[in-house]
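S.K.: Can you read through this structure? Questions will come right after.
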Amino acid sequence: MHTTTRPNVADMELHELEQALEAAGTQRFHARQIFRWMHKRGVTEFSRMSDLSLELRAQLDAAFRIDTPDIVRLDRSIDGTTKFLLRLADGRQIESVCIPEAIAGQDSADEGRLTFCISTQVGCAMRCAFCLTGNMGIDRNLTAGEIAGQVRVLARELHVIGARFNIVLMGMGEPLHNYDATMKALRILGDEHGLAVSPRRVTLSTVGVLPALERLATEPLMPNLAISLHATTEDQRDALVPINRKYGLKELLDACRRFPLTRRARITFEYVMLKDVNDTPADARRLVALLSGIKGKVNLLPLNEAPGIPFKRPDDARVNAFAKILSDRGVTVSVRKSRGRDIRAACGQLITETARSRAPGQRLAVLMEGL
Ligand code: SAH
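When we follow the numbering used here, the leftmost residue of the sequence shown carries the number 469, and every step to the right adds one.
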């Protein structure tokens with residue numbers, strides 16, 4: 469009883485922890501120490517926070533908890549990518565990936581560094597036609613503590629806590645479908661007393677949930693923006709990215725045109741390439757026309773094929789021809805190198821083992837249990 473009602477420090481921003489400490493009758497300045505232990509050193513037991521008095525440690529233990537995802541499984545790819553299966557406090561599982569170099573096309577402050585690809589939801593509600601996570605459906609949102617917690621756990625496990633790294637919100641889930649928790653997680657991760665990850669090193673990837681995108685445009689802490697475009701006509705996008713039926717391509721691109729960008733920043737447009745579906749020269753020319761007037765660049769994602777996904781990956785010549793049409797017309801373009809395919813850690817392949825091993829009907833039952 470008592471355990472479940474103790475407030476979870478992992479979900480708190482520094483100022484919230486200060487208030488909570490005060491309310492519990494302790495001094496607010498200890499919040500910075502606790503933050504440093506948790507986020508900078510990866511220590512999540514109050515009893516091990518050795519610069520706090522023993523009495524305070526006992527008091528904190530009685531009053532608070534720090535939920536931290538457990539590592540269930542860790543897979544290393546031959547290319548150095550590491551995929552983590554993490555178990556949350558309620559037993560649900562998510563995947564996070566660590567990629568040993570920056571993802572091509574990402575507007576990061578320092579290329580060539582480690583990139584953490586983290587999840588924002590258990591599953592995803594967007595149901596993009598080519599994505600395995602979408603296939604699995606949505607179970608629940610992650611909390612801010614669970615989103616930030618992935619970085620804490622990965623950084624500690626890989627001994628890179630002090631290093632500079634990039635974060636991409638490109639794991640399971642749609643970050644703008646879980647707006648408040650995602651933005652709060654970025655504030656926790658950005659705190660100078662914690663991991664101090666600057667928003668310039670974070671990229672938020674979205675299908676374009678329009679009201680949330682408009683809200684993002686007003687945020688003081690602005691991550692880099694990547695838009696999962698994937699199509700050049702309304703009909704085609706309706707079929708591939710179902711949310712387009714609600715917030716169409718034209719509206720989305722208008723919102724991108726209005727999106728406030730700092731001087732050097734550009735929006736990345738992700739474009740998954742599906743053989744004979746959206747990979748023709750006509751698609752490439754339409755894409756150029758659509759992006760005119762937007763400070764953007766294109767990142768081509770040749771499909772990562774998977775069983776149950778009814779599309780094929782175009783061959784390299786096709787991808788290169790598409791890229792050339794873009795670059796010949798002045799559009800900056802890159803092709804995403806697929807990482808971790810041998811361990812199913814590549815884009816669109818994140819799906820937790822429980823869902824992977826069950827038939828679709830059974831999967832639904834699992835989702836219902838969570839409601
Ligand atoms: N929900 C967010 C972030 C998740 S995925 C979004 O959609 O942007 C990150 C990128 O991987 C998205 O552009 C997504 O469309 C892409 N993706 C999904 N499945 C893929 C697949 N099978 N092959 C290649 N890219 C894929």
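C-beta: ideal position from N, C-alpha, C; glycine also.
Going residue by residue through the stretch 480-516, where are the continuous alpha helix (DSSP H) segments of at least 4 residues, counting only ones entirely within it?
M.R.: Those alpha helix (DSSP H) runs which fall completely within the stretch 480-516 and span 4+ residues are 482-491, 498-503.
S.K.: Taking 8 Å as the threshold (C-beta atoms), are Arg781 and Lys743 in contact?
M.R.: For the purposes of this step, residue 743 is identified with residue 275 of the sequence shown, where counting begins at 1. For the purposes of this step, residue 781 is identified with residue 313 of the sequence shown, where counting begins at 1. In contact: Lys743 and Arg781 (Cβ atoms closer than 8 Å).
S.K.: With Ile635 and Arg669 assumed to form a contact (beta carbons below 8 Å), what rounded beta-carbon distance in angstroms separates them?
M.R.: For the purposes of this step, residue 635 is taken as the residue at position 167 of the sequence shown. For the purposes of this step, residue 669 is taken as the residue at position 201 of the sequence shown. That pair is a contact at about 6 Å.
S.K.: Following a CB-centred definition, is Thr736 positioned closer than 7 Å to any heavy atom of ligand 1?
M.R.: Your numbering for residue 736 matches position 268 in the sequence shown. Thr736 Cβ: outside cutoff for every heavy atom of ligand 1.
S.K.: Quick check on this structure: which residue in Ala757, Ala774, Asn772, Glu773 has the alpha carbon closest to the alpha carbon of Val766?
M.R.: Translated into the one-based positions of the sequence shown, residue 766 becomes position 298. Checked all of Ala757, Ala774, Asn772, Glu773; the closest Cα to Val766 is Ala757.
S.K.: Buried or exposed for His627, going by 16 or more other Cβ atoms inside 10 Å?
M.R.: Residue mapping note: residue 627 aligns to position 159 of the sequence shown, counting from 1. That one is exposed.
S.K.: Using the Cα positions of Leu445 and Leu610, report the straight-line distance between them to the nearest angstrom.
M.R.: This structure gives no information on residue 445, because the portion of the chain shown stretches from 469 to 839.
S.K.: How is Leu520 classed by DSSP in three states: helix, strand or coil?
M.R.: Position 52 of the sequence shown holds residue 520. Leu520: coil per DSSP, three-state reduction.
S.K.: So which of Val787, Leu708, Asp722, Leu654 has the shortest CA-CA distance to Leu681?
M.R.: For this step, residue 681 is matched to residue 213 along the sequence shown. Selected option, being the one with the closest Cα: Asp722.
S.K.: I'd like the list of long-range same chain contacts for Pro710, defined as Cβ closer than 6 Å, with 5 residues on each side in sequence excluded.
M.R.: Counted from its first residue, the sequence shown places residue 710 at position 242. Arg595.
S.K.: Expressed to the nearest angstrom, what Euclidean distance is found between the alpha-carbon atoms of Gly548 and Glu486?
M.R.: Within the sequence shown, the letter at position 80 stands for residue 548. Within the sequence shown, the letter at position 18 stands for residue 486. Using only the alpha carbons, I get a separation of about 40 Å.
S.K.: Measure the C-alpha to C-alpha separation of Gly798 and Ser760 and round it to an integer number of angstroms.
M.R.: Taking the first residue of the sequence shown as position 1, residue 798 is located at position 330. Taking the first residue of the sequence shown as position 1, residue 760 is located at position 292. The alpha-carbon atoms of Gly798 and Ser760 are separated by roughly 10 Å.
S.K.: Roughly how many whole angstroms lie between the Cα atoms of Arg725 and His698?
M.R.: Here residue 725 refers to the residue found at position 257 when the sequence shown is read from its first residue. Here residue 698 refers to the residue found at position 230 when the sequence shown is read from its first residue. Cα to Cα, Arg725 sits roughly 18 Å from His698.
S.K.: DSSP three-state call for Asn476: helix, strand or coil?
M.R.: Along the sequence shown, read from residue 1 onward, the residue named residue 476 stands at position 8. Asn476 falls in the strand class under three-state DSSP.
S.K.: Using a Cβ-Cβ cutoff of less than 7 Å, which residues in the same chain neighbour Phe514 once the five nearest sequence positions on both sides are dropped?
M.R.: As a working mapping, residue 514 is identified with position 46 in the sequence shown. Taken in chain order, the residues that qualify are Arg525, Leu528, Asp529.
S.K.: Closer than 8 Å is the cut-off here; do at least three beta carbon pairs connect the stretch 496-510 with the stretch 558-565?
M.R.: The stretch 496-510 vs the stretch 558-565: no contact.
S.K.: State the CB to CB distance for the pair Pro667 and Thr588, rounded to an integer number of angstroms; the pair is presumed to be in contact (CB under 8 Å).
M.R.: Locating residue 667 in the sequence shown gives position 199, where the first residue counts as 1. Locating residue 588 in the sequence shown gives position 120, where the first residue counts as 1. About 16 Å; that fails the 8 Å criterion.
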